[in-house]
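Q: Can you read through this structure? Questions will come right after.
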Amino acid sequence: NAGVMQNPRHLVRRRGQEARLRCSPMKGHSHVYWYRQLPEEGLKFMVYLQKENIIDESGMPKERFSAEFPKEGPSILRIQQVVRGDSAAYFCASSPQGSSGANVLTFGAGSRLTVL
Amino acid sequence: SQQGEEDPQALSIQEGENATMNCSYKTSINNLQWYRQNSGRGLVHLILIRSNEREKHSGRLRVTLDTSKKSSSLLITASRAADTASYFCATDAFGNTGKLIFGQGTTLQVKP
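Residue numbers (the numbering used here), protein chains in the order written: chain A, 804 to 919; chain B, 57 to 168.
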């Protein structure tokens, strides 16, 4: 059981380029979450997805950011026309389907985006 | 608005001492969780306490929750150098959706 797998671990982009971050949830988990962590800060919720559905995207910036979790393949967080302020660590987490009572998240190691 | 506020921001202790970290929040919650993050790594879940619980133990960890004061504390007893990490509280205020609100964390350094 490989846990939550994220790639790339480190990504460098120039302003205006696109960044694509991938996340494969833990085996048996069908709920995926993306969080962003700015330097010296806690994590901020971005989006919650299930297969082929966006459940809650209230933490996503309205422009340039999008997320998907297709029927087959990993979840993708896409940032278009990156700016320096997008530099951060992006963490993916997953949880099992139908986890009643409380959601304990399993986090990946994160993707660190640097925008030059 | 920031849900979880933690203090202290940084804590430095000697191995064997106890470490206490506090977390305050603003809204009603379903549960409160503590996570640990080693430098440059992802978060690891430590312990969860539900809103109807007041205290919980797991190994060397003890968590308390006071819903009247909207606060929680994490106590690590008999600390070890390997406990050096950042510790975050996270509140689940939205009905077990996985949409957690994290505090800014306490950075703990345990000196050998």
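Built from N, CA and C at the ideal position, the CB exists for glycine as well. As the structure is a prediction and not an experimental result, all values here were calculated from the model.
Just verifying my parser: in three-state terms, what is the DSSP assignment at residue 816 of chain A?
A: In the structure shown, residue 816 of chain A sits in a strand (DSSP, three-state: E or B).
Q: Where does residue 887 of chain A sit, in a helix, a strand or coil, going by DSSP?
A: Looking at residue 887 of chain A - three-state DSSP - the assignment turns out to be helix.
Q: Residues in its own chain within less than 7 Å of residue 87 of chain B by CB, not counting five upstream and five downstream?
A: Contacts found: 104, 105, 106, 107, 148.
Q: Quick one: what does DSSP say residue 137 of chain B is sitting in, helix, strand or coil?
A: DSSP places residue 137 of chain B in helix when its eight states are reduced to three.
Q: With respect to 7 Å, is the separation between the Cβ of residue 867 of chain A and the closest non-hydrogen atom of the ligand FMN below this value?
A: Only the bare structure without any ligand can be found here, which leaves the ligand FMN out of the picture.
Q: In whole angstroms, give me the CA-to-CA distance for residue 58 of chain B and residue 809 of chain A.
A: Below a pLDDT of 50, predicted positions are generally treated as unreliable, and residue 58 of chain B, at 44, falls in that range; the measurement from the model is reported next regardless. So the two alpha carbons sit approximately 27 Å from each other.
Q: Helix, strand or coil for residue 851 of chain A per DSSP?
A: Residue state, collapsed to three classes: strand.
Q: What are the start and end residues of the beta strand (DSSP E) that includes residue 62 of chain B?
A: Run containing residue 62 of chain B: 61 to 63, per the beta strand (DSSP E) assignment.
Q: Helix, strand or coil: how does DSSP classify residue 92 of chain B here?
A: In the structure shown, residue 92 of chain B sits in a strand (DSSP, three-state: E or B).
Q: Taking 8 Å as the threshold (beta carbon to beta carbon), is residue 162 of chain B in contact with chain A?
A: No, because no Cβ of chain A sits closer than 8 Å to the Cβ of residue 162 of chain B.
Q: What residue range is occupied by the uninterrupted beta strand (DSSP E) comprising residue 119 of chain B?
A: Residues 117 to 122.
Q: Quick one: what does DSSP say residue 916 of chain A is sitting in, helix, strand or coil?
A: In the structure shown, residue 916 of chain A sits in a strand (DSSP, three-state: E or B).
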